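Undergrad:
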Amino acid sequence: MEKVWLMASVLGLLVSGCSTVATQESATQVRDSKCKVNPNIARNAIPKTPNNMSLPSFGRGIIGWGTGMDGAKTRLENVTQADVQGFKEKGVTLAMVQEWQTFYENETRRNDCNPTAPYRAQLMKKIAEFWVD
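The sequence shown runs -21 to -1, 1 to 112 under mature numbering (1 follows the signal peptide of the UniProt record, and there is no 0).
Spelled out as structure tokens, the structure:
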């Protein structure tokens, strides 16, 4: 019985230690101690996605903006006009792209604690510029 308890305790410490480190790492990568949310700018409603799919399925799965600032920046640098056809085939409309652009432009102004927002706004603007019906 003591061996089981000891093993469970060690595993518990390992898991909680790992999650604490991961949380601390992501917090230090994303947050600037001087960042703030502007209380005078309302957060826009979350824009629509094709067939009401989940936000990760839309963002990472269709648009391909990855995770965090680096993922969004990389996608901004490599999105092409040819990608737009794939977006269309998966149910994305120009109106959706423009709504997401507006959402992230607003988020950039509203919340300077979100370093990903400017890159996603620029990405959606670039996609809109590539859009040809």
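Cβ atoms here follow ideal geometry from the backbone N, Cα and C, with glycine treated the same way. Just so we're clear, the structure is a prediction, and the values are computed from it rather than from any experiment.
#1: Any chance you could list the beta strand (DSSP E) runs of at least 3 consecutive residues sitting entirely within the stretch 63 to 87, in chain order?
#2: Who does Val111 pair with in a DSSP beta bridge?
#3: Counting C-beta neighbours from all protein chains within 10 Å, is the total for Val71 16 or more, i.e. buried, or is it exposed?
#4: I'd like the list of long-range same chain contacts for Gly43, defined as Cβ closer than 6 angstroms, with 5 residues on each side in sequence excluded.
#5: Only counting the same chain, and skipping five residues up and downstream in sequence, which positions put a Cβ closer than 6 angstroms to that of Leu73?
#6: Between Thr59 and the rest of its own chain, which residues show a CB-CB distance below 8 angstroms, the 5 nearest in sequence each way excluded?
#7: Name, in chain order, the residues that DSSP records as bridge partners for Leu90.
#8: Between which residues of its own chain and Asn93 is the CB-CB distance below 7 angstroms, once the five residues before and five after are set aside?
#9: Can you give me the Cβ contacts of Arg88 inside the same chain, cut-off strictly under 8 angstroms, excluding the 5 residues immediately before and after it?
#10: By DSSP, does Asp49 sit in helix, in strand, or in coil?
#11: Thinking Glu68 and Lys27 are a contact (beta carbons under 8 angstroms), I'd like their distance in whole angstroms, please.
#12: Looking at Ile106 and Val76, is the spacing between their C-beta atoms short of 7 angstroms?
#13: Report the option in Phe82, Gln64, Asp62, Ala51 whose CA atom is closest to the CA atom of Leu102.
TA: Quick look at the numbers:
#1: none
#2: Beta-bridge pairing links Val111 to no other residue.
#3: buried
#4: Arg54
#5: Contacts found: Trp110.
#6: Phe109
#7: Looking at the sequence shown, residue 90 is not Leu but Asn. Looking at the DSSP assignment, Asn90 forms a beta bridge with Val16.
#8: Here Asn93 has Glu86 as same chain residues with Cβ atoms under 7 angstroms from its own Cβ, once five neighbours each way along the sequence are excluded.
#9: Within the same chain, Asn17, Ile20 come within 8 angstroms of Arg88 by CB-CB distance, once the 5 residues on both sides are set aside.
#10: Look at Asp49 here: in three-state DSSP terms it is helix.
#11: Contact between Glu68 and Lys27 does not hold, since their C-beta atoms are separated by about 17 angstroms, which reaches or exceeds 8 angstroms.
#12: yes
#13: Among Phe82, Gln64, Asp62, Ala51, the Cα nearest to that of Leu102 is on Ala51.
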